Amino acid sequence: MNVDLMFALGKIPTILSYLHVTLLISICAMAGTLVFSVIITMIRYYNVKILTPIVNVYIDIFRGTPLLTQMFFIYYGLAQVIPFFRDMSPLTASIVVLALNASAYTTENMRAALESVPKGQTEAGLATGMTKLQVMRYIVLPQAARVELPALANDFIALLKNSSMAYTLGVREIMGQASLVGNAGFKFFEAYLDAFIIYFCLSKLIGIGQKALEKRFSQGVK
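The opening position of the sequence shown corresponds to residue 5 in this note's numbering, with each subsequent residue numbered one higher.
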């Protein structure tokens, strides 16, 4: 097999030209994940009677099925029975499914972070006359955020990598463009090598940012 490294090098800018789509999917999905996860975590943390069993089923479903299956089921399957999904663009569908999938995992990390705060601090806050909401905002959340930060960074890296699944719905992002480049020149090794390197570099950059944030948070604690 002849590997054309010059072809691979020359096609990196072409594949990178769709970086903005990958970042759009990842950032929007992460924003949705945070919203969904906070809502679900609060429901489970306060054990809301009617809603807790529902969110538990949701978590079981999305943790127990493959992401690709979820994408196909929601975009192609539900579109046949629910008009809302029928009118959804592939890009929007990708973001929604990624957010729903990631939330099933992130909410577990969030709950663990909340439960890492000693109960005595919550009780002390309530004893001073603070409401449950005030205790959560001023005592529990600031401490839980420091615990949750590394996990959130890892979740974002996972979302970034999982965004490559969007090309299966027809979205042209990094992976989709790499596939087109490979098909056009029959240079599949070189094209996917480019995608491999790009995803790796992006993950490392996020990891560096994560370390910097952790360092800043730890200095704040001191």
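Virtual Cβ for every residue (Gly too), placed ideally from N, Cα, C.
All of these numbers come straight from a predicted model, not from anything done at the bench.
Can you find the residues in the same chain that come closer than 8 Å, C-beta to C-beta, to Leu72, ignoring five residues on each side of it along the sequence? Met169 and Thr172
Taking 7 Å as the limit between beta carbons, can you name the residues of its chain near Pro122, skipping five residues before and five after? none
Contact check, Ile19 vs Val185, beta carbons under 8 Å: yes
In chain order, what residues of the same chain have a beta carbon less than 7 Å from the beta carbon of Leu206, not counting five sequence neighbours either side? Leu164
Is Tyr22 closer than 8 Å to Glu177 when the C-beta atoms are compared? yes
Rank Ala106, Thr135 and Thr126 by C-alpha distance to the C-alpha of Phe160 and give the top, closest one. Ala106
Using the three-state DSSP reduction, which class does Lys53 fall into: helix, strand or coil? coil
Return the residue from the list Ala182, Lys215, Leu118 and Arg220 that minimises the CA-CA distance to Gly244. With the chain covering 5 to 226 only, the question about residue 244 has no answer from this structure.
Which of the three DSSP states is assigned to Lys191 in this structure? coil
Checking 8 Å against the spacing of the C-beta atoms, do Glu112 and Pro154 come in under that value? no
Closest by C-alpha distance to Thr45, when choosing among Gln125, Tyr109, Lys208 and Ala162: Tyr109
Could you give the DSSP three-state label for Ser183: helix, strand or coil? helix
Please work out which residues of its chain come closer than 8 Å, Cβ to Cβ, to Ala83, disregarding the five sequence neighbours upstream and downstream, and give them in chain order. Phe89, Arg90 and Met92
Suppose you measure from the CA of Ile202 to the CA of Asn6; what does that come to, to the nearest Å? 22 Å
Let me confirm a value: Gly213 is counted as buried when at least 16 other C-beta atoms fall within 10 Å, else exposed. Which label applies? exposed
Host alpha helix (DSSP H) of Thr69 (start-end): No alpha helix (DSSP H) contains Thr69, which DSSP labels as neither H nor E.
To the nearest whole angstrom, what separates the beta carbons of Thr126 and Val144, a pair I think is in contact under 8 Å? 6 Å
Is the separation between the beta-carbon of Leu104 and that of Ser167 shorter than 8 Å? no
Look up Glu152 in the DSSP assignment and say whether it is helix, strand or coil. helix
Does any C-beta atom of chain C lie closer than 8 Å to the C-beta of Leu71? Absent from the structure: chain C. Only one protein chain is present.
Option in Thr26, Ile86 and Ser30 with minimal Cα separation from Met179: Thr26
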